[in-house]
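First up is the structure itself, then whatever we jot down about it.
In UniProt numbering, the protein residues as written are 1 to 250.
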């Protein structure tokens, strides 16, 4: 009997990519990636560079479903909890349609680490859809997770920063052992989350053992001196030649 298809909530960032990778490694039948593209800030979702998820999905070889809410209906929302519930609605509607198209959803992956705000809402949504929640990062050591991603061959690029201790030089940096050491220092000095789960920094995965070709980028940096924040403005993106990480894993 064929196992019911799984879906992976996927932004292209390191946490959702790691959840997807671990699900594939465990043999779960991931048949769709689902990316929400927020129009503006979001409590629930990774925001910057989500358009690159299309290239990532092509490299991974799994069809992508895009969710483009015009704006989350939060004008009358008075607290963060209600806003999170409102932000979840367009995703759940998309998954309900996928349930019909796929004949059910057996499981859903999510990249939450310590945020009960996100994890609890996705768990409730999974319960309503009759799907298993797969959250391999949940309550794991952020430092251990970062090392595991690097050990597996993930190439992780920082695309946005927004916290004390960061400057423009962080934009576009690859998350490697030296960068991780500096993040640990920022954690001690300013409380920066090692994996940036508080929004201190955002990433995209440009290569990994689950990808057939790396994502190549051309970009400019945008920096707000007064706000201590900045981001990459991607001017071009394309898939390169066969991924070295994928070749090494074969």
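For each residue, glycine too, the CB sits at the ideal point set by N, CA and C.
Keep in mind the model is a prediction, meaning the values are calculated, not measured.
query                                                                                                                                                           : result
Report all residues from its chain with a CB closer than 6 Å to the CB of residue 6; omit the five preceding and five following residues, and keep chain order. : 28, 29, 30, 106, 107
Mind checking which residues open and close the alpha helix (DSSP H) that includes residue 58?                                                                  : 53-60
Nearest CA to the CA of residue 68: which residue from 91, 56, 59?                                                                                              : 91
Once DSSP output is grouped into helix, strand and coil, what is the label at residue 98?                                                                       : helix
With DSSP as the reference, please indicate the residues paired to residue 202 in a beta bridge.                                                                : 160
So, at 7 Å on beta carbons, what are the nonlocal neighbours of residue 250 in its own chain, with the 5 sequence-adjacent residues on each side left out?      : Any reading at residue 250 must be qualified, since the residue scores a pLDDT of 37, below 50, and its modelled position is unreliable; no value is offered.
Verify whether the separation of the beta carbon atoms of residue 224 and residue 230 is less than 8 Å.                                                         : yes
At the level of alpha carbons, what is the spacing between residue 180 and residue 190?                                                                         : 15 Å
According to DSSP, simplified to helix, strand and coil, what is residue 192?                                                                                   : coil
Considering only their Cβ atoms, is the gap separating residue 194 from residue 206 smaller than 8 Å?                                                           : no
Can you tell me whether residue 15 is buried or exposed, with buried defined as 16 or more other CB within 10 angstroms of its CB?                              : buried
Could you check where the beta strand (DSSP E) with residue 8 kicks off and where it finishes?                                                                  : 6-9
Whole-angstrom Cβ separation of residue 112 and residue 146, contact assumed at under 8 Å?                                                                      : Between residue 146 and residue 112 the Cβ distance is about 15 Å, and since that is not below 8 Å, they are no contact.
Could you check the C-alpha separation between residue 9 and residue 154 for me, to the nearest Å?                                                              : 18 Å
Roughly how many whole angstroms lie between the Cα atoms of residue 177 and residue 165?                                                                       : 18 Å
Quick one: using the 10 Å Cβ neighbour count with 16 as the cut-off for buried, is residue 200 buried or exposed?                                               : buried
Can you grab the Cα-Cα spacing for the pair residue 139 / residue 196, in whole Å?                                                                              : 15 Å
Is residue 67 helix, strand or coil by DSSP?                                                                                                                    : strand
Let me know if residue 72 comes out buried or exposed under the rule of 16 or more other beta-carbons within 10 Å of its beta-carbon.                           : Note that residue 72 scores a pLDDT of 48, beneath 50, so its modelled location is shaky; the value from the coordinates is reported in the next line. Buried: at least 16 other Cβ atoms inside 10 Å.
Starting from residue 20, follow the alpha helix (DSSP H) in both directions and report where the run begins and ends.                                          : 14-25
Measuring CB to CB, does residue 217 end up less than 8 Å from residue 58?                                                                                      : no
Taking the straight line between their C-alpha atoms, what separation do you get for residue 127 and residue 94?                                                : 16 Å
If you reduce the DSSP assignment to three classes, tell me which class residue 86 lands in.                                                                    : helix
Candidates 120, 143, 168: which alpha carbon is nearest residue 183's?                                                                                          : 143
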